[in-house]
């Protein structure tokens, strides 16, 4: 059995767990900028960012122009004449390792003017029944369970271990998920 992680094994209602600012920026200012960009492209992680800004009473009125959404990567725009990008690690920079970041979260990277400005840690809690479902499937004789996710390798490994799947694939694009299922079939 192949599971997509978000919305199947997890609630698909991510929440902002932490904002880690860099370069002298404040966490609130970085959350404000992130929400300003993310409010235009509703997906679960974007909704978490916008909701967190709203809950903290951070006004995130239009501060940007030239918004561009790059599918499965992130958002690019201009704020105060500086390029601002938010998205996955491979969108912001290639092959960079941030071992200090908590592995149990997904990470949105915010860069301003070519420099890392903040990492927004997003939690997507497991459904309470997910572990019980895995045990029930084993009792029914299912011998292999696989989780597919667009999350990073570290986040995927943490979730896979927690839920108890046999195998997982991380950083998988939507079309790659379909291809995986077809190959398994």
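Numbering (my numbering), first residue to last: 420 to 604.
The beta-carbon is built from N, C-alpha and C at its ideal position, and this holds for glycine as well.
Residue range of the unbroken alpha helix (DSSP H) whose run includes residue i
| i | result |
| --- | --- |
| residue 603 | 593-603 |
| residue 424 | Unbroken run through residue 424: none, as it is neither H nor E. |
| residue 552 | 549-558 |
| residue 456 | 446-457 |
Burial state of residue i, where buried means 16 or more other Cβ atoms lie within 10 Å
| i | result |
| --- | --- |
| residue 525 | buried |
Continuous beta strand (DSSP E) stretch holding residue i: start and end
| i | result |
| --- | --- |
| residue 540 | 534-542 |
| residue 439 | 434-440 |
| residue 584 | That residue, residue 584, is in no beta strand (DSSP E); it is neither H nor E in DSSP. |
| residue 567 | 565-567 |
Residue i versus residue j: straight-line alpha-carbon distance, rounded
| i | j | result |
| --- | --- | --- |
| residue 555 | residue 548 | 10 Å |
| residue 439 | residue 538 | 5 Å |
| residue 460 | residue 442 | 26 Å |
| residue 602 | residue 478 | 47 Å |
| residue 458 | residue 473 | 11 Å |
| residue 568 | residue 530 | 24 Å |
| residue 583 | residue 573 | 15 Å |
| residue 468 | residue 544 | 16 Å |
| residue 444 | residue 499 | 15 Å |
| residue 593 | residue 599 | 10 Å |
Backbone secondary structure at residue i - three-state DSSP
| i | result |
| --- | --- |
| residue 530 | strand |
| residue 573 | helix |
| residue 517 | In this prediction, residue 517 scores a pLDDT of 42, lower than 50, which makes its location untrustworthy; the coordinate-derived value is nonetheless stated afterwards. Residue 517: coil per DSSP, three-state reduction. |
(request) Would you mind listing the alpha helix (DSSP H) stretches within the segment 464-514 that are 4+ residues and don't spill past its ends, in chain order? (result) The segment 464-514 contains these whole alpha helix (DSSP H) runs: 508-511.
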